[in-house]
Amino acid sequence: MTRVTTHSLRAQKAAGDKICMLTAYDATFARLLDDSGIDILLVGDSLGMVIQGHDTTLPVTMEDIIYHCRAVVRGTRRAQVVGDMPFMSYQESIEQGVRNAGRLMKEGGCHAVKLEGGAQHAALVARMTATGIPVMGHIGLTPQSVHQFGGFKVQGKGADAVAKLTADARALEEAGAYAIVLEGIPAEVAREVTAALTIPTIGIGAGVGCDGQVLVIYDLLGMDERFKPKFVRRYANLATTIREATGRYVADVKGGAFPADAESFLRDKDAGAPTPLYSSGKK
Ligand code: KIV
10 MTRVTTHSLR AQKAAGDKIC MLTAYDATFA RLLDDSGIDI LLVGDSLGMV IQGHDTTLPV
70 TMEDIIYHCR AVVRGTRRAQ VVGDMPFMSY QESIEQGVRN AGRLMKEGGC HAVKLEGGAQ
130 HAALVARMTA TGIPVMGHIG LTPQSVHQFG GFKVQGKGAD AVAKLTADAR ALEEAGAYAI
190 VLEGIPAEVA REVTAALTIP TIGIGAGVGC DGQVLVIYDL LGMDERFKPK FVRRYANLAT
250 TIREATGRYV ADVKGGAFPA DAESFLRDKD AGAPTPLYSS GKK
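Next up, the structure:
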């Protein structure tokens, strides 16, 4: 199976073939999403919120992203795996950014990195690209700046903001970024920015005019009823499914209905038998 690359993604934009990206944090989800034809799996610092339970992405560390990248890479055969640069892993200096991006690729095994910010990081993106590290940009509502924005608020409103977003996107493209996430900006602004670039844009809360879309997998699957931003479409309601299934399990265990006799196959006569209890299922 051929892996999605920076080149194939650019060809998708040229052909008008929409790019499908989701977040993933473990090998099992990665395998299922890879099977469904997802082009890019992002090991996002959103893991700080959906996996670790923080209110923001700020506490996420390099070690966290590396750990989850390794798991996701093991689960994929086709999707490009992108490792998210955590807060303060690249903001100090170009050297720090290049070193940490290199760690995500060497230790995490990902195929590209993503960082938040526009023109202010152009020199860093240029150095990373020159070093052979593919970089995805991320502008608009950049969650690592949540405290500067005063909350997770729509960005890119007003003529100045639109001009700045376009300038940021162009600066990233010129520096060598191969794609840019546009988050939380008006649809017409995202369309304008997309038209101004030769590299693909991937939108989240940025309308249909982008070259692709990205969502946090837990949002798409409806894992948290408390969290439903306007731009999220839930394709399942797994919160209910999981609670119902585990509730039935609890009732069965307490009532003695699980395990059933046929499921209690480890009898005295089997003890010490060479038959494996289970296998990984991998070929
Ligand atoms: O961390 C993340 O999951 C992201 C996406 C929402 C783009 O940055």
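Under my numbering, the sequence shown has 212 at position 203, and the numbering climbs by one with no breaks. Every residue, glycine too, gets a C-beta built ideally from N, C-alpha and C.
Separation of residue 123 and residue 256 (C-alpha to C-alpha, rounded to the nearest whole angstrom) is 39 Å. In this structure, residue 98 has its CB at a distance of at least 6 Å from all heavy atoms of the ligand KIV. The bridge partners DSSP lists for residue 32 are 51.
Residue 221 carries a strand assignment under DSSP once its states are collapsed to helix, strand and coil.
The closest heavy atom of the ligand KIV lies less than 6 Å from the beta carbon of residue 213.
With a cutoff of 6 Å, residue 233 does not count as near the ligand KIV, since its C-beta is closer than that to no heavy atom of the ligand. Note on the region 184 to 246: whole alpha helix (DSSP H) runs with a minimum of 4 residues are 196 to 204, 226 to 229, in chain order. When rounded, the separation of the alpha-carbon atoms in residue 211 and residue 190 is 5 Å. Judged by beta-carbon spacing, residue 42 lies within the 7 Å limit of residue 33, meaning their Cβ atoms are closer than that value.
Residue 154 has its alpha-carbon roughly 20 Å from the corresponding atom of residue 236. Under the 8 Å Cβ criterion, the region 164 to 180 counts as touching the region 140 to 150, having at least three qualifying pairs. The Cβ atoms of residue 178 and residue 206 sit closer than 7 Å to each other. Apart from the 5 residues on each side of it in sequence, residue 198 sits with its Cβ closer than 7 Å to the Cβ of 165, 171, 174 in its chain, given in chain order.
Distance from the Cα of residue 55 is smallest, within the candidate group 39, 82, 95, 202, for 95. Check the Cα spacing between residue 67 and each of 232, 98, 115, 176: the tightest is with 98.
Counting only the Cα atoms, residue 202 lies some 9 Å from residue 176. Short of 8 Å from the beta carbon of residue 52, and not among the five residues preceding or following it, lie these beta carbons of its own chain, in chain order: 32, 33, 34, 74, 77, 78, 81, 90, 91, 92, 93, 117, 119. In the DSSP assignment, residue 149 falls within the beta strand (DSSP E) that extends over 144 to 149. In this structure, residue 225 has its CB closer than 6 Å to one or more heavy atoms of the ligand KIV.
For residue 121, the enclosing beta strand (DSSP E) covers residues 121 to 123. At the C-beta level, residue 241 and residue 228 come within 7 Å of one another.
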